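J.: As they're listed, the protein sequences go chains G and C.
Take our numbering: the final residue in the first sequence is number 138, and no numbers are missing along the way.
Take our numbering: the final residue in the second sequence is number 138, and no numbers are missing along the way.
A virtual CB, placed ideally from N, CA and C, is assigned to each residue, including glycine.
The structure presented is a predicted model; accordingly, all values stated were derived computationally and were not measured.
Number of protein chains: 2
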Amino acid sequence: MELAGVLEACLYAPDLRAAENFYVLVLKLQVLGRVEGRHVFFRCGRGVFLIFNPQHTGTIPTFVNGKPIPLHGATGPGHVAFGVPSEAMDGWRRWLEQQTVPIEAEVHWPEGGRSLYFRDPAGNSVELATPEVWGLGESSGTAPRR
Amino acid sequence: MELAGVLEACLYAPDLRAAENFYVLVLKLQVLGRVEGRHVFFRCGRGVFLIFNPQHTGTIPTFVNGKPIPLHGATGPGHVAFGVPSEAMDGWRRWLEQQTVPIEAEVHWPEGGRSLYFRDPAGNSVELATPEVWGLGESSGTAPRR
Chain G
-7 MELAGVLEAC
3 LYAPDLRAAE
13 NFYVLVLKLQ
23 VLGRVEGRHV
33 FFRCGRGVFL
43 IFNPQHTGTI
53 PTFVNGKPIP
63 LHGATGPGHV
73 AFGVPSEAMD
83 GWRRWLEQQT
93 VPIEAEVHWP
103 EGGRSLYFRD
113 PAGNSVELAT
123 PEVWGLGESS
133 GTAPRR
Chain C
-7 MELAGVLEAC
3 LYAPDLRAAE
13 NFYVLVLKLQ
23 VLGRVEGRHV
33 FFRCGRGVFL
43 IFNPQHTGTI
53 PTFVNGKPIP
63 LHGATGPGHV
73 AFGVPSEAMD
83 GWRRWLEQQT
93 VPIEAEVHWP
103 EGGRSLYFRD
113 PAGNSVELAT
123 PEVWGLGESS
133 GTAPRR
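1. Put Gly83 (chain C) into one of helix, strand or coil per three-state DSSP.
2. Leu(-5) (chain G) by DSSP, collapsed to three states: which one?
3. Using a 10 Å radius around the Cβ and a threshold of 16 neighbouring Cβ atoms, would you call Asp82 (chain C) buried or exposed?
4. What's the call for Ser73 (chain C), buried or exposed, on a 16-neighbour Cβ count within 10 Å?
5. Since Gly75 (chain C) and Cys36 (chain G) should fall inside the 8 angstroms C-beta cutoff, what is the C-beta to C-beta distance between them, to a whole number of angstroms?
6. Mind checking which residues open and close the alpha helix (DSSP H) that includes Val24 (chain G)?
7. Give the straight-line distance between the Cα atoms of Leu17 (chain G) and Leu88 (chain G), rounded to the nearest whole angstrom.
8. Measuring CB to CB, does Val165 (chain C) end up less than 8 angstroms from Ser107 (chain C)?
9. Measure the beta-carbon distance from Gly70 (chain C) to Asn116 (chain C) and round it to whole angstroms, keeping in mind my assumption that it falls under 8 angstroms.
10. Per DSSP, which residues does Ala1 (chain G) bridge with? Please list them.
11. Closest to Leu128 (chain G) by C-alpha separation, out of C:Glu98, C:Arg38, C:His100 and C:Pro102, would be which residue?
12. Can you tell me whether Val16 (chain C) is helix, strand or coil according to DSSP?
13. Can you find the residues in the same chain that come closer than 8 angstroms, C-beta to C-beta, to Gly29 (chain C), ignoring five residues on each side of it along the sequence?
14. Using only the alpha-carbon positions, how far apart do Ile43 (chain G) and Gln22 (chain C) sit?
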């Protein structure tokens, strides 16, 4: 038995409209669903990326078939990284600059790979990274780091 | 330009040893790297799953090539879901019971798919879900929900 991978990665944002605007307009993700004041969900590659309003999901149960879904809701800056092919990284950098998104950091990892860091409107640390950062890309070997 | 998928999904835990024990022994993830008191990283399918100690990553910069990596660190229960093939779900349920991990909820989604929810030692809401939950599995169509 082995887990197939991460199916849902989540971040939290009290202002869901600002979050949706950012992830749709800047990061070009496709909205999969939303419930006003509670969440906005995005499709992303082979999984989904979920933004929840922690003031809602941390305190108000949602019921499915009469059973409550477990509560969760974090505060403070979380982190997510999206995969970007090496050859697309320069284009993403230019695009973020055009969108006047401040690049907080740009890292060329000693073991290979490259990352761009910036913030979403809720202050979460968002990263675009090439798969080689984790030894998952074209280059061989694993590169545990950070 | 399109993001290839989620490369890093993250949760936070002040007790990293308890977290590592849980994710290795119960969820059978493979450790990719650790820094005592700061983080433990796991490989998971086509990406990685990262646990950070928010008391560290939220306040103490880590430098790569002389540049600081952006700070992040959330508190309160976060959420992650791992993909599990439908045919493996009963086996995972039995395994969690054998490991005396309380199942907080089991959901058969109206649109298809099934989820098991439980907590990690830090109180994060962990879910095992079949890909059909998101219309990503054998069955067709998308099933936005939650």
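T.: In brief:
1. helix
2. coil
3. exposed
4. According to the sequence shown, residue 73 (chain C) is Ala rather than Ser. The residue in question, Ala73 (chain C), is buried, as its Cβ has 16 or more Cβ neighbours within 10 Å.
5. About 13 angstroms; that fails the 8 angstroms criterion.
6. In the sequence under discussion, the amino acid at residue 24 (chain G) is Leu, which differs from the Val named in the question. Segment Gln22 to Val27 is the beta strand (DSSP E) holding Leu24 (chain G); no alpha helix (DSSP H) there.
7. 11 angstroms
8. Past the boundaries of the shown model lies residue 165 (chain C); chain C is included only from -7 to 138, so the question cannot be answered.
9. 5 angstroms
10. G:Phe41 and C:Val72
11. C:Arg38
12. helix
13. Leu8, Asn45 and His48
14. 27 angstroms
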